[in-house]
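**Q**
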Amino acid sequence: MSTAILTGQPVPGSSIEGDLRSLGFDVRTATDAAETETLLAQVPADQRVAVVDAGFVGHLHALRLGLTDPRFPLAAIPGAVTAQPAGRQALTRAMARENSAGGGTAVAVDHLADRVVAALDADDAGVHHPELGSLVAVVPADPQARNEARQAVAAVDDEAVRLKSAVKSRDGFFTTYCISPYSRYIARWCARRGLTPNQVTTASLITALIAAACAATGTRGGFVAAGVLLIASFVLDCTDGQLARYSLQYSTLGAWLDATFDRAKEYAYYAGLALGAARGGDDVWALALGAMVLQTCRHVVDFSFNEANHDATANTSPTAALSDKLDSVGWTVWIRRMIVLPIGERWAMIAVLTALTTPRITFYALLIGCAFAATYTTAGRVLRSLTRKAQRTDRAAKALADLADSGPLAELLTRGLPDKVHGLAPLNAAFGGALLAVTAAVFGPSWQVVAAAGLYVVLAGESVNHPLKGALDWLIPPFFRAAEYGTVLILAAKADVNGALPAAFGLVAAVAYHHYDTVYRIRGNAGASPAWLVRAIGGHEGRTLLVTVLAALLTASQFTVALTALAVAVALVVLFESIRFWVSSGAPAVHDEGEPA
29 MSTAILTGQP
39 VPGSSIEGDL
49 RSLGFDVRTA
59 TDAAETETLL
69 AQVPADQRVA
79 VVDAGFVGHL
89 HALRLGLTDP
99 RFPLAAIPGA
109 VTAQPAGRQA
119 LTRAMARENS
129 AGGGTAVAVD
139 HLADRVVAAL
149 DADDAGVHHP
159 ELGSLVAVVP
169 ADPQARNEAR
179 QAVAAVDDEA
189 VRLKSAVKSR
199 DGFFTTYCIS
209 PYSRYIARWC
219 ARRGLTPNQV
229 TTASLITALI
239 AAACAATGTR
249 GGFVAAGVLL
259 IASFVLDCTD
269 GQLARYSLQY
279 STLGAWLDAT
289 FDRAKEYAYY
299 AGLALGAARG
309 GDDVWALALG
319 AMVLQTCRHV
329 VDFSFNEANH
339 DATANTSPTA
349 ALSDKLDSVG
359 WTVWIRRMIV
369 LPIGERWAMI
379 AVLTALTTPR
389 ITFYALLIGC
399 AFAATYTTAG
409 RVLRSLTRKA
419 QRTDRAAKAL
429 ADLADSGPLA
439 ELLTRGLPDK
449 VHGLAPLNAA
459 FGGALLAVTA
469 AVFGPSWQVV
479 AAAGLYVVLA
489 GESVNHPLKG
499 ALDWLIPPFF
509 RAAEYGTVLI
519 LAAKADVNGA
529 LPAAFGLVAA
539 VAYHHYDTVY
549 RIRGNAGASP
559 AWLVRAIGGH
569 EGRTLLVTVL
579 AALLTASQFT
589 VALTALAVAV
599 ALVVLFESIR
609 FWVSSGAPAV
619 HDEGEPA
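Using our numbering, read the sequence shown as starting at 29 and increasing by one per residue.
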């Protein structure tokens with residue numbers, strides 16, 4: 029149980045003790061700073077502790093935001109400060125200094141929490157100060173101020189504020205106007221019945237998998253049911269995040285489930301549509317795989333650009349200024365959010381087209397929409413990168429190198445290659461990938477493609493043979509993803525045998541999971557996937573070369589079996605390491621508030 033230390037005796041009529049107990053705190057009272065320090069030392073080191081001014085007046089939700097959020101080692105609102113085990117040492121030091129400065133007298137207890145927070149901020153201890161908005165959190169100085177504060181509390185419905193804040197402040201049009209107006213109430217219903225965000229996330233996954241199974245039936249009734257269930261899955265997908273924000277139930281496992289299940293749901297649905305089309309005599313596996321490749325590459329563009337500019341200095345450009353100006357006009361904001369086809373709009377489009385048309389039409393619309401969105405967003409980011417004078421950091425360069433997913437072949441080449449002009453790196457990656465794709469499309473499974481893959485390996489090594497701090501170096505990981513995934517798609521299609529494209533779909537899905545997992549680790553400041561894992565699965569260049577060799581050596585049927593075996597092997601290795609990491613104590617407690625398009 030968490031412990032809250034009240035500094036002084038509560039004012040008659042105050043609800044502070046009851047409020048703290050309702051939030052799960054064991055309440056103790058200290059009469060002066062010395063006793064506060066003593067009680068603080070008595071709280072077990074593995075428990076959360078809070079120091080709260082007995083004169084605090086405010087909303088219960090303000091206390092909840094300030095004292096119970098699990099993501100921050102140290103947090104504070106006016107009149108209260110809290111520390112989790114990771115922040116206990118800093119809090120203890122600050123308390124000791126305040127006690128020493130005040131001489132341990134009874135007077136020194138007044139506003140002790142705020143003085144401790146000031147000391148922590150002066151030490152740059154990383155205290156989180158939540159945005160309270162219209163919520164009240166004050167320590168009145170006199171009875172009149174106390175009455176005014178109580179009136180201010182009564183004037184604001186903190187439950188309404190809590191419910192509103194459960195919804196993301198920035199979201200897509202479809203999510204904002206068609207889902208969130210009622211999903212927030214589902215989130216509250218779940219909270220009042222003790223359901224957790226992880227349980228809702230799992231329900232969303234199960235619903236999506238049932239939707240995929242309905243689509244796989246290939247019947248009109250199955251397609252209609254699939255569309256309805258896909259929307260239901262998305263409602264639950266919104267609900268789990270709103271439940272986490274409503275009840276502040278953030279967790280390491282929840283962050284991982286929320287991030288990975290979205291991709292699993294969407295790509296499983298693609299597979300279900302392809303299976304359903306096959307039952308009706310229409311082979312759309314190439315379209316399904318193409319949609320997954322395009323969508324994954326779009327996400328890599330988002331991730332790479334954001335990481336490259338995460339902490340860049342002088343991060344301005346005329347293009348960025350124009351974008352900010354457009355965001356100040358209401359109608360342009362929604363248009364710009366909708367045309368990039370974010371998850372809400374995308375899933376709504378897929379659901380409606382599934383119910384009313386055919387899988388082929390659904391995939392055509394998805395490919396066209398995603399291609400336009402990818403062109404729009406990538407062009408804008410290229411213009412920003414070329415017109416800004418940003419100085420990128422070593423951290424950004426390391427993140428891009430990790431996202432590149434270079435394996436032992438690239439590492440070996442970089443040791444023997446001389447340094448080159450940085451501006452050529454993206455061109456080398458783009459040229460190598462394009463040459464490989466064109467060769468595969470022209471010659472199919474052949475030794476010409478193996479030769480092109482060999483050249484691609486050399487150019488890939490060249491591309492990462494320097495710190496990735498160039499203006500367009502963030503394009504290197506997307507180029508590598510497009511080259512690897514596209515080669516697998518083309519060679520499987522050229523094999524022209526039943527099962528080759530589904531096997532290729534499985535392989536790309538397994539590798540894409542590894543790349544998404546790398547992104548979420550970097551976002552949590554936990555570093556990328558371990559080097560042994562990248563080496564074990566060959567890196568992007570090693571896998572690409574291996575697939576081309578297998579295609580050239582084996583018959584079409586044998587190549588299909590090889591792709592299946594490779595997909596299973598990669599999936600087992602990356603899933604084992606991913607699960608081991610995310611359930612370990614070293615995984616970051618991050619909740620992803622930004623959903624990629």
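Using N, Cα and C, we set each Cβ at its ideal position, and we do this for glycine too.
(1) At which residues does the beta strand (DSSP E) containing Thr-110 begin and terminate?
(2) May I ask which residues mark the beginning and end of the beta strand (DSSP E) holding Leu-102?
(3) One question on the structure: do Leu-258 and Ile-378 come within less than 8 Å of each other, judged by their Cβ atoms?
(4) Just curious, the alpha helix (DSSP H) that Arg-326 is in, first and last residue?
(5) Opposite Leu-93 in the DSSP bridges: which residues?
(6) Specify, as a first and last residue, the run of the beta strand (DSSP E) that Ile-207 falls within.
(7) With DSSP collapsed to three states, give me the class of Gln-117.
(8) Is DSSP giving Glu-621 helix, strand or coil here?
(9) List the residues that DSSP assigns as beta-bridge partners of Ser-30.
(10) Going along the chain, which unbroken runs of the alpha helix (DSSP H) with 4 or more residues stay wholly within the stretch 534-579?
(11) For Val-77, which beta-bridge partners are listed by DSSP?
(12) What span of residues does the alpha helix (DSSP H) with Ala-375 cover, start to end?
(13) Who pairs with His-156 in a beta bridge, going by DSSP?
(14) Output the distance between the C-alpha atoms of Met-320 and Gln-75, rounded to the nearest integer angstrom.
(15) Fully enclosed by the stretch 585-610, which alpha helix (DSSP H) runs are 4 residues long or longer?
(16) For the stretch 585-605 against the stretch 536-554, do three or more pairs of beta-carbon atoms, one drawn from each stretch, fall closer than 8 Å, so that the two count as touching?
(17) Evaluate Ser-261 with the Cβ neighbour count: other Cβ atoms within 10 Å of its Cβ, from every protein chain shown; 16 or more gives buried, anything less gives exposed.
(18) What are the residues that DSSP puts in a beta bridge with Gln-227?
(19) Would you call Ile-396 buried or exposed, if buried means 16 or more other Cβ atoms sit within 10 Å of its Cβ?
(20) Please classify Arg-49 as buried or exposed, where buried requires at least 16 neighbouring CB atoms within 10 angstroms.
(21) With DSSP as the reference, please indicate the residues paired to Val-85 in a beta bridge.
(22) Ala-150 by DSSP, collapsed to three states: which one?
(23) How long is the line joining the alpha carbons of Phe-609 and Glu-373, rounded to whole angstroms?
(24) Buried or exposed for Tyr-297, going by 16 or more other Cβ atoms inside 10 Å?
(25) With DSSP as the reference, please indicate the residues paired to Ala-58 in a beta bridge.
(26) Could you give the distance in angstroms between the alpha-carbon of Gly-52 and the alpha-carbon of Ser-30?
(27) What did DSSP end up calling Gln-419 once you bin it into helix, strand or coil?
(28) In terms of residues, what are the limits of the alpha helix (DSSP H) holding Asp-186?
(29) Hey, Ala-531 and Thr-592 are a contact pair by Cβ (cut 8 Å); roughly how many whole angstroms apart?
(30) Using only the alpha-carbon positions, how far apart do Thr-572 and Leu-119 sit?
(31) For a test of your reading of the model: does the CB of Gln-270 fall under 7 Å from any non-hydrogen atom of the ligand FMN? Yes or no.
(32) Please classify Pro-506: does DSSP put it in a helix, a strand, or coil?
(33) May I ask you to report which of helix, strand or coil DSSP gives Asp-648?
(34) Could you give the distance in angstroms between the alpha-carbon of Thr-59 and the alpha-carbon of Ile-214?
(35) Quick one: is Asp-524 buried, meaning 16 or more other Cβ sit within 10 Å of its Cβ, or exposed?
(36) Taking the alpha carbon of Ala-102 as the point to measure from, which residue in Asp-47, Thr-96, Ala-111 and Gly-94 has its own alpha carbon closest?
**A** Taking the geometry as given:
(1) 108-111
(2) Going by DSSP, Leu-102 is part of the beta strand (DSSP E) stretching over 102-105.
(3) Taking a C-beta distance under 8 Å as the contact criterion, Leu-258 and Ile-378 qualify as a contact pair.
(4) 313-336
(5) Paired residue(s): none; Leu-93 is not in a bridge.
(6) Careful: Ile-207 lies outside any beta strand (DSSP E) and carries neither H nor E.
(7) helix
(8) With a pLDDT of 48 at Glu-621, under the threshold of 50, the predicted position of this residue should be treated as unreliable, and no value is reported.
(9) DSSP output for Ser-30 lists Phe-53 as bridge partner(s).
(10) Segments of the alpha helix (DSSP H) lying fully in the stretch 534-579: 559-564.
(11) In the DSSP assignment, the residues bridged to Val-77 are Thr-31 and Ala-111.
(12) Note that residue 375 is Trp in the sequence shown, not Ala. Run containing Trp-375: 371-384, per the alpha helix (DSSP H) assignment.
(13) Paired residues: Ala-103.
(14) 44 Å
(15) none
(16) yes
(17) With 16 or more Cβ atoms within 10 Å of its Cβ, Ser-261 is classed as buried.
(18) Note: Gln-227 sits in no beta bridge, so no partner.
(19) Flag for Ile-396 reads exposed.
(20) Label assigned to Arg-49: exposed.
(21) Val-166
(22) When secondary structure is reduced to three states using DSSP, Ala-150 falls in the helix class.
(23) 32 Å
(24) buried
(25) Thr-35
(26) 7 Å
(27) Gln-419 carries a strand assignment under DSSP once its states are collapsed to helix, strand and coil.
(28) 186-193
(29) 4 Å
(30) 52 Å
(31) Annotation note on the ligand FMN: not contained in the displayed structure, which lists no ligands.
(32) helix
(33) Lying before the first or after the last residue shown, residue 648 is absent from the chain, which here runs from 29 to 625.
(34) 44 Å
(35) exposed
(36) What sits at residue 102 in the sequence shown is Leu, not Ala. Comparing Cα-Cα distances from Leu-102 to each of Asp-47, Thr-96, Ala-111 and Gly-94, the minimum goes to Ala-111.
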